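Under the numbering used here, the letters of the sequence shown match residues 985 to 1424, in that order.
See below for the structure under consideration.
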Amino acid sequence: MKNELIPSLYNVFSKIYKKIFHEELSFEVINFLNNISYVGFGLGFATLFSFTFNVISGRLLGPSLYGEFALVESVAMFLYIPMLMGYHASLVKYNAEKKSYERQRTIISTTYLLVFTLIIVSIIVYDFFSIEISKLLSISKDLFHYSVIYSVLFVIYTLSTETLKSLHELKKYSLFKPLFSFTLLTCFLYFINIGFVSSRSMIYSMYIAYIVTSVVIIYLIRNYLKFCFDRKWISELTKYSFYAVMGGLSFVLYTNVDKLLINKYLNVMDVGVYRAYNYAFVSIIQLLIIVFGTVFFPYASMCSNKQILYKKINKMIPYILIMGLPVSLICGLIVLQFYGKDYILNIRLAFLFGIAGICIAIDNLYGQLISAIGVKGIKIVSLAAIIMALTNTFLNIVLIPLKGVEGAILATIVSFLFSISIMLSKRNYIYNSEGYDVRN
985 MKNELIPSLY NVFSKIYKKI FHEELSFEVI NFLNNISYVG FGLGFATLFS
1035 FTFNVISGRL LGPSLYGEFA LVESVAMFLY IPMLMGYHAS LVKYNAEKKS
1085 YERQRTIIST TYLLVFTLII VSIIVYDFFS IEISKLLSIS KDLFHYSVIY
1135 SVLFVIYTLS TETLKSLHEL KKYSLFKPLF SFTLLTCFLY FINIGFVSSR
1185 SMIYSMYIAY IVTSVVIIYL IRNYLKFCFD RKWISELTKY SFYAVMGGLS
1235 FVLYTNVDKL LINKYLNVMD VGVYRAYNYA FVSIIQLLII VFGTVFFPYA
1285 SMCSNKQILY KKINKMIPYI LIMGLPVSLI CGLIVLQFYG KDYILNIRLA
1335 FLFGIAGICI AIDNLYGQLI SAIGVKGIKI VSLAAIIMAL TNTFLNIVLI
1385 PLKGVEGAIL ATIVSFLFSI SIMLSKRNYI YNSEGYDVRN
């Protein structure tokens, strides 16, 4: 197993690991690092394509049209919640616990039928109340319809990629992220080449990328799909997903309400600027979070002794605090330059986004570990997420009219600090947790 890692990288990881955790690399850790290297390699390539897509689109379309796309994306993130209902989290949690083909096939098939039923019901409801919902969200009916389609395709894409993660197929998972981003960029460049310069060119490119990636993955996992409902698994999946969807709804609220309220209190151009800063100064940290979390959550779900993982996370936190801000600022300043002159550098805003990135990383680490405990854990994470969402919404309403775009990111920082505090106050659950399987 050791030989699977490039020797030079192995030596670097070994020294860093020993420095942080004061112990030698074990077989289990090496396997974990191998999986991270697969995912990191794939997401690294994917980031190159998505970076090019975001920079070119932001530069060519300008803050207004770029902001219009951000609104469609944000609304879609609200609309997908009733379609997915947190079942993707249940899928990963229970499917990753035990490698049994029949068990995994039953879980996957049951989850897919539940989700596709919810998609159909949601589309009917959204179509019937389209005018009312559009007015509530302060967007046009056309943009609302784009958001509905976006949300459907996003759900199918999420479900398919999470299935790979639940099966511990991390090598395959790492290949599909670049496929998505490459398809996205290729389609967008084609639209630009034929003179179709619009927020719709970004939206249609996302549609095509979601469809292509989802179809290929579903074809690969076809042997795990059968037309059946397992009542016992419906119950287990729903118990976990109930709390997961509460956390998911809160996540969507605190990650998207800022853009909707900026559009309400300021204008769509400020939404574009906000999205550009968020991508520039937070994306590198989010990339590292995604790479780590993709491997960590399935691993933590299988691990019976979560106390060890908690102690290791605690040892990582000082390094995140020390290195996080400089890395975020350096990368962000470079990325923002590519966006062009329409996106003026604001040092205070840059620092705030850098701090927000650190808060997001720490919150995610503790959240994934506690979620891996089971239903008790996801209850804690959901509670923290709900309080964070309510705090974030309230602070956005108060601070955006006073501080503008800076008020939105300040609200994000404070709300994440609340969430981290709540999870740490419940850390005794980690020490009392025991690894168990809900079904054999």
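Glycine is no exception: its CB is placed at the ideal position from the N, C-alpha and C atoms.
Just so we're clear, the structure is a prediction, and the values are computed from it rather than from any experiment.
Along the chain, where does the alpha helix (DSSP H) that runs through residue i open and close?
i     : result
A1356 : Note, A1356: premise wrong, no alpha helix (DSSP H); not H, not E.
G1316 : K1290 to Y1323
Y1134 : K1125 to S1150
F1402 : V1389 to S1409
E1153 : Looking at the DSSP string, E1153 is not in any alpha helix (DSSP H), and its letter there is neither H nor E.
K1077 : Y1071 to E1081
V1105 : Y1085 to F1112
S1185 : S1183 to L1204
L1068 : I1065 to L1068
Between the C-alpha atoms of residue i and residue j, what's the straight-line distance to the nearest angstrom?
i     : j     : result
I1381 : G1351 : 26 Å
S1366 : S1355 : 9 Å
E1153 : F1025 : 15 Å
F1400 : S1267 : 17 Å
Y1191 : A1054 : 14 Å
V1229 : D1326 : 38 Å
I1201 : L1386 : 47 Å
T1036 : V1196 : 19 Å
L1098 : L1336 : 41 Å
I1108 : C1315 : 44 Å
D1421 : Q1291 : A caution first: D1421 carries a pLDDT of 40, below 50, which makes its placement in the model unreliable, though a value can still be read off. So the alpha carbons of these two residues sit roughly 18 Å apart.
L1349 : L1127 : 35 Å
L1102 : M1067 : 5 Å
F1113 : F1100 : 20 Å
S1219 : R1087 : 15 Å
L1237 : R1043 : 28 Å
F1062 : G1232 : 10 Å
I1176 : S1158 : 28 Å
I1178 : Y1141 : 28 Å
I1357 : F1280 : 13 Å
Give the single residue among the options whose Cα lies nearest to the Cα of residue i.
i     : options                       : result
L1049 : V1257, C1315, I1344 and A1334 : V1257
F1265 : I1274, V1311 and Y1294        : V1311
I1040 : V1105, L1336, Y1174 and L1075 : Y1174
R1184 : K1410, K1290, E1052 and S1409 : E1052
G1388 : K1360, L1408, M1253 and Y1064 : M1253
K1216 : V1319, L1313, L1349 and T1090 : T1090
L1329 : N1262, F1160, N1251 and F1062 : N1262
I1273 : R1332, V1076 and I1304        : I1304
R1332 : P1385, T1145 and E1390        : E1390
N1079 : L1408, G1324, N1038 and S1150 : S1150
A1260 : F1276, F1029, V1275 and G1324 : G1324
N1412 : K1295, N1376 and D1111        : K1295
F1160 : M1407, N1298, E1081 and F1029 : F1029
Using C-beta distances below 7 Å, list every residue in its chain close to residue i, excluding the 5 sequence neighbours before and after it, in chain order.
i     : result
S1058 : N1240, K1243 and L1244
L1271 : L1027 and T1031
Y1064 : S1135, F1138 and V1139
I1301 : I1346
Compute the distance between the beta-carbons of residue i and residue j, then report whether it is under 8 Å.
i     : j     : result
S1403 : M1372 : yes
S1135 : K1125 : no
S1093 : C1171 : no
G1308 : G1341 : yes
T1095 : L1221 : yes
N1207 : S1122 : no
A1395 : L1379 : yes
S1131 : A1060 : yes
S1165 : F1322 : no
S1234 : I1344 : no
K1363 : Y1249 : no
L1045 : V1181 : yes
I1397 : I1339 : yes
I1187 : V1359 : no
Whose C-beta lies closer than 8 Å to the C-beta of residue i among residues of the same chain, with five residues either side of it excluded?
i     : result
I990  : For I990, the predicted model reports a pLDDT of 49, less than 50, meaning its position is unreliable; a value from the coordinates is still stated below. If we look at I990 and ignore the five residues flanking it on each side, it has no Cβ neighbours.
S1427 : Past the boundaries of the shown model lies residue 1427; the chain is included only from 985 to 1424, so the question cannot be answered.
S1144 : T1197, S1198, I1201, I1202 and I1205
I1269 : G1308, V1311, S1312, G1341, I1342, I1344 and A1345
Ordered along the chain, which non-local residues of its own chain (more than five positions away) have a Cβ less than 6 Å from that of residue i?
i     : result
N987  : Since pLDDT at N987 reaches only 46, below the 50 mark, its modelled position is unreliable, and no value is offered.
S1189 : L1168, C1171 and F1172
L1209 : S1093
L1374 : none
R1423 : Any reading at R1423 must be qualified, since the residue scores a pLDDT of 39, below 50, and its modelled position is unreliable; the value itself is stated next. There are no such residues.
P1047 : M1253, G1256, V1257 and D1326
V1319 : A1264
L1163 : T1197
T1377 : V1241
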